[in-house]
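Asks: Numbering (UniProt numbering), first residue to last: 1 to 255.
Input: one structure, supplied below.
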Ligand SMILES: [Zn+2]
């Protein structure tokens, strides 16, 4: 059994939102450390933070995780985002939020446990709605985020508030951001999104009434575009891109 000590694990090694990969965007194999987060024990996949004082190994590079959407399959990207979120969660729960004592890592579950008061802290996801709105047979509402410096037009999105249904969140966000009312709200699909720990819930809706009035802190421009005259839209691999393709070309939403 002597070779067991040399067993290597595939590792997600993050530095902030960047991931260590080789030139073919493949993960490194490393020896497992006690401080690693064991990600899927059967497959020996681990996750850890890269500290800035460590050197980047020869032949490897740090790549922003968003960039890997285009390089990797959906499953690979989702696994990486899960690793990133679990690491961030562990880093942000070193102390008990109930009594302030230092926490310990639960041996089997994803939980940070307080040895003093036994309070368990689990990873949380934040539900976030994203809506594609159509008008008539050939128009789509696209909006430009005020913080976005590019010329990209995206969809209406926002966090679900406490005590709200998903459909209420769609209605409220649309009214707040662009001042219009929507009808026939229908669920389409979901996508985990690790910036920081969101679950994107995609809906489609139809324009009902009202003139576009921008919420200027959030949206710098919004209008209905003809399907055959779209501006720059979100990149392929994002749920927004799939939603736009779905309403315009009737493409199936990814599972
Ligand atoms: Zn405690």
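Glycine is no exception: its CB is placed at the ideal position from the N, C-alpha and C atoms.
Since the structure is predicted, the reported quantities are computational estimates derived from the model, not experimental observations.
Verify whether the separation of the beta carbon atoms of residue 116 and residue 101 is less than 7 Å.
Replies: It is a contact, given that the beta carbons lie within the stated cut-off.
Asks: Just the C-alpha distance for residue 147 and residue 57, rounded to the nearest angstrom, thanks.
Replies: Rounded to the nearest angstrom, the two C-alpha atoms are 35 Å apart.
Asks: Should residue 77 be labelled buried (16 or more other beta-carbon atoms within 10 Å of its own) or exposed?
Replies: It counts as buried.
Asks: Mind checking whether the beta-carbon of residue 96 lies closer than 6 Å to any heavy atom of ligand 2?
Replies: Ligands present in the displayed structure are limited to ligand 1, and ligand 2 is not among them.
Asks: Please return the same chain residues whose Cβ sits closer than 6 Å to the Cβ of residue 141, not counting the five positions on each side in sequence.
Replies: For residue 141, where only same-chain residues beyond five positions count, the Cβ hits under 6 Å are 133, 224.
Asks: Looking only at its own chain, which residues have a Cβ that is under 8 Å from the Cβ of residue 2, when we skip the five neighbours before and after it?
Replies: Here residue 2 scores only 41 on pLDDT, less than 50, and its place in the model should not be relied on; the value that follows carries that caveat. Answer for residue 2: no residue qualifies.
Asks: If I'm right that residue 202 touches residue 185 with Cβ under 8 Å, what's the distance once you round it to whole angstroms?
Replies: Their Cβ separation, rounded to whole angstroms, is 11 Å, which puts residue 202 and residue 185 out of contact at 8 Å.
Asks: What would DSSP say about residue 243, mapped onto helix, strand or coil?
Replies: If DSSP states are grouped into helix, strand and coil, residue 243 belongs with the helices.
Asks: For the beta strand (DSSP E) that residue 208 lies in, which residues bound it at each end?
Replies: Residue 208 -> beta strand (DSSP E) spans 198 to 209.
Asks: Let me check understanding here. Comparing Cα to Cα, which of 241, 22, 248, 8 lies closest to residue 153?
Replies: If we check each option's Cα against that of residue 153, 241 comes out closest.
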